[in-house]
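As numbered in mature numbering (1 follows the signal peptide of the UniProt record, and there is no 0), residues -25 to -1, 1 to 292 make up the sequence shown, in order.
All residues carry an ideal CB built from backbone N, CA and C; glycine is no exception.
No experiment lies behind these values; they were computed from the predicted model shown.
See below for the structure under consideration.
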Amino acid sequence: MATLSFSCKRLIAGAALLSCVGAHAQLAVTSPAFSAGTVIPDPFTYNLPGQCSGNNWSPPLEITGIPAGTQRLTIEMRDQTVPWLHWKVWDIPVSAAQTSLTLPHDAASNYNSSSASNDFGAPGYGGPCPPTNAEHTYVFKVYALTTAVGSGEPSSSDLAAVPAGQQASLQGKRARNSSRPWTPPSLPSLPGMPQNLQAAPGDGQVVLSWVAPVTGNPSSYTYTVSVDGVTYPGCTGIATQTCTVTGLTNGTAYDFAVTARNTVGEGPAATRNGIKPGQASVPAGTTPVPTLGQWSVLLLGLALASLSASWLRRRPH
């Protein structure tokens, strides 16, 4: 790991686009693919028939200690053995409170629009490809800039004026006959379909419940419910496995869907279609409680029956 102490100094004239940030920030850059000073793995080398046969991926980089006030990062990769520019990108955005940044392998392909042409003659990243078995040293250098994204490419003199605390570097090496495999880390996959989706109708509502998908890491999933193809606001991005959908019209059929989501995206939906909310039925063997209107009709009927019986008793026989 290259950790550089902070040094705040007056900037030279003409370099006012860069400024001193963070009194004690220590910018650092490392890679999970190789340690400082070791061989850069095969997939990060250039592809040139008869000389090198890599994937030409930029290596994954971990950038920490980003100073306060940084708005963007510039990264350069140069061959220190012979003058050769392998990569220069200058518009990697940094948010206001951000102190670290992870660039996955092949991240360079996302920034070609703000990348210089390398010495292979193409924009973006061009990996190591030494012509002989003599070992070459390569340096990845990170600069923390306070200028906004879209401010343009910083010149060599601009970068030379960046204070030490806003720079960090990582060295690697490579020869033509070097060999070091590297396998990308496995990424999480999309969630599966929620299981055993149940829909229990009620008065103006339907209670949904389900079981987490059987694949992946269910503890990291959130769930979203939709009704007739429209996301239900009360159950969007929830961690629980139940949802009560209210405001429905009794007797109307509704289609329900539930999906699980993780950091990769949203999985397939479990569905229950044609569900009709309505008043709950009275279980068998129980006596329903009359409503106020039903009581009124019942009492009126009893009163009329009583009057009729009284009249019949008084009628001459």
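With the rule of 3 Cβ pairs closer than 8 angstroms, the region 119 to 138 does not count as touching the region 93 to 105. Taking the CA atoms as reference points, E241 sits about 13 angstroms from A232. Here D94 carries a coil assignment [DSSP, helix/strand/coil].
In this structure, the alpha-carbon of T190 lies about 40 angstroms from that of T49. R151 is a Cβ neighbour of T107, given a cutoff of 8 angstroms. The Cβ atoms of E37 and S6 lie closer than 8 angstroms to each other. Per DSSP, the continuous beta strand (DSSP E) segment holding L183 begins and ends at Q180 to V186. Its Cα nearest to that of N31, the residue W157 stands out among Y196, T219, W157 and Q180. Taking 8 angstroms as the upper bound for CB-CB distance, A83 and V64 are in contact here, some 7 angstroms apart. Taking the Cβ atoms as the reference, P105 lies roughly 24 angstroms from L78, outside the contact range of under 8 angstroms. Boundaries around S144 are those of the beta strand (DSSP E), Q142 to R149, since no alpha helix (DSSP H) includes it.
The DSSP assignment places 36 to 39 as complete runs of the beta strand (DSSP E) inside the region 13 to 45, in order along the chain (cut-off: 3 residues). Leaving aside the five residues that flank A244 on each side, the residues in its chain whose CB is nearer than 6 angstroms to its CB run, in chain order, A232 and T234.
Residue nearest to T74 within the set F115, G40, D66 and V14 is G40 (criterion: CA-CA distance).
For T20 against G29, the beta-carbon gap comes to about 3 angstroms, under 8 angstroms, which counts as contact. 8 angstroms or more divides the Cβ of V182 from the Cβ of T238.
Secondary structure of D133 (DSSP, three-state): helix. Pairing I213 with G99, the inter-Cα distance amounts to about 41 angstroms.
Taking the C-beta atoms as reference points, S144 is found no nearer than 8 angstroms to V124. Excluding the 5 residues flanking it on each side, A175 has same chain C-beta neighbours closer than 6 angstroms at V182, in chain order. When DSSP reads this structure, E110 sits in no beta bridge, so it has no partner. Its Cα nearest to that of E128, the residue R47 stands out among D230, Q254, G249 and R47. With distances taken between CA atoms, Q216 lies nearest to S194 out of L165, S194 and N22. Note on geometry: alpha-carbon atoms of G167 and G249 lie some 23 angstroms from one another.
For Y198, the uninterrupted beta strand (DSSP E) run begins and ends at T197 to V202, by DSSP.
Rounded to the nearest angstrom, the gap between the Cα atoms of G101 and L76 is 22 angstroms. Close CB contacts of C210 within its chain, under the 6 angstroms cut and outside five residues either way in sequence, are with V200 and C218 (chain order). When the five nearest sequence neighbours on each side are left out, the beta carbons in the same chain lying within less than 6 angstroms of the beta carbon of L165 are those of V239, G240 and G242, in order along the chain.
Straight-line spacing of the CA atoms in N192 and V186 works out to 13 angstroms. Under the DSSP assignment, Y229 falls in the beta strand (DSSP E) whose first and last residues are Y229 to R236. P103 is classed as buried because its beta carbon has at least 16 other beta carbons within 10 Å across all chains shown. In the three-state scheme derived from DSSP, where H, G and I count as helix and E and B as strand, A139 is classed as helix.
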